[in-house]
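First the structure, in the form of structure tokens, and then the observations on it.
Residue numbers (the UniProt record's numbering): 1 to 283.
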């Protein structure tokens, strides 16, 4: 009889989770594992049967105020055996033990009935858009390299959009290997930023936080211009009509959808300023 063991991942095993996401077609970044693990080293779980990895899930907590589930996937040969329920239970129990008041996830639509059975409710949808990379960055002086901005100002801006502080994660994410970040500085204040990074296929922009459509347009064009070959992807919250309009205006097409779901109270986020989600895996 198969024996299932679920335990915390090592850093090297987070690569397995990213590989699982890639095989599911979720198109993770090539160097995401390092930043993901930095966010919460105790928040990644691997399922093993007879010492062989068969599945994974993450339950990352941010400062005790927000928890996010991701990487919930099993190898096809091990589905339908109850392993998924055990994985999800371990993840949720971890966040409940930490007394995290808000638990969320970006669930693929096919899995929503399972999430609803666990008690999750749907808040809104997200659409992944695909479009051409390259082009010319705007010559707007308000658009600046992200490395030039004050780190504390960046942390505060990010927390206002994400709903929690994530210092260890941002330290890694905003200095991506082979990627780049741009800032929007208006009247001497940092009010928006974005990051572009290489993925299994093409490049992904995320996050893209902007105070208004003009800033979002400049950040998007600047980041797109930094993408070298392949398509570029942007994950947009459906309630942000300006984000959907930006994607359509630049010839992007919808290729994938998720739903932001919550266990317990929903997050109150400034969706009108969120043009691109950071990551479907970690929020």
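We treat Cβ as the ideally placed atom computed from N, Cα and C, and that holds for glycine.
Residue burial is scored here from C-beta neighbours: residue 7 has fewer than 16 other C-beta atoms within 10 angstroms and is therefore classed as exposed. For residue 95, the secondary structure class from DSSP, reduced to helix, strand or coil, is helix. Between the C-alpha atoms of residue 10 and residue 90 there is a straight-line separation of about 17 Å. Taking 8 Å as the upper bound for CB-CB distance, residue 228 and residue 28 are not in contact here, some 18 Å apart. Relative to the Cα of residue 33, the nearest Cα in the group 58, 53 and 25 belongs to 58. Residue 16 carries a helical assignment under DSSP once its states are collapsed to helix, strand and coil.
Annotated three-state conformation of residue 114 is helix, per DSSP.
Shown here, residue 230 sits in coil according to DSSP, grouped into three states, outside any helix or strand. The beta carbon of residue 63 is closer than 6 Å to those of 164 and 165 in its chain, skipping five residues each way along the sequence. Inter-residue distance for residue 194 and residue 88 is about 31 Å (C-alpha atoms, whole angstroms). Using a Cβ-Cβ distance cut-off of 8 Å, the segment 119-137 and the segment 168-180 are not in contact, since fewer than three pairs of beta carbons, one from each stretch, lie closer than that value.
Annotated three-state conformation of residue 142 is coil, per DSSP. By the 16-neighbour rule on beta-carbons within 10 angstroms, residue 109 is exposed. Nearest to residue 192 by alpha-carbon distance, out of 203, 231, 13 and 213, is 213.
Put simply, the backbone Cα of residue 239 is about 10 Å away from that of residue 127. For residue 128, the enclosing beta strand (DSSP E) stretches over residues 121-132. A check of alpha carbon separations from residue 35 across 271, 167, 253 and 254 identifies 167 as the nearest.
By the C-beta density criterion, residue 129 is buried, having at least 16 other C-beta atoms within 10 angstroms. If only uninterrupted beta strand (DSSP E) runs of at least 3 residues are considered, those enclosed by the UniProt domain "N-acetyltransferase" (141-272) are 143-145, 180-186, 189-198, 203-209, 231-237 and 253-263.
Below 8 Å, too few C-beta pairs join the segment 138-154 and the segment 14-27 to call them touching: fewer than three. Residue pairing for residue 5: DSSP places it in a beta bridge opposite 48.
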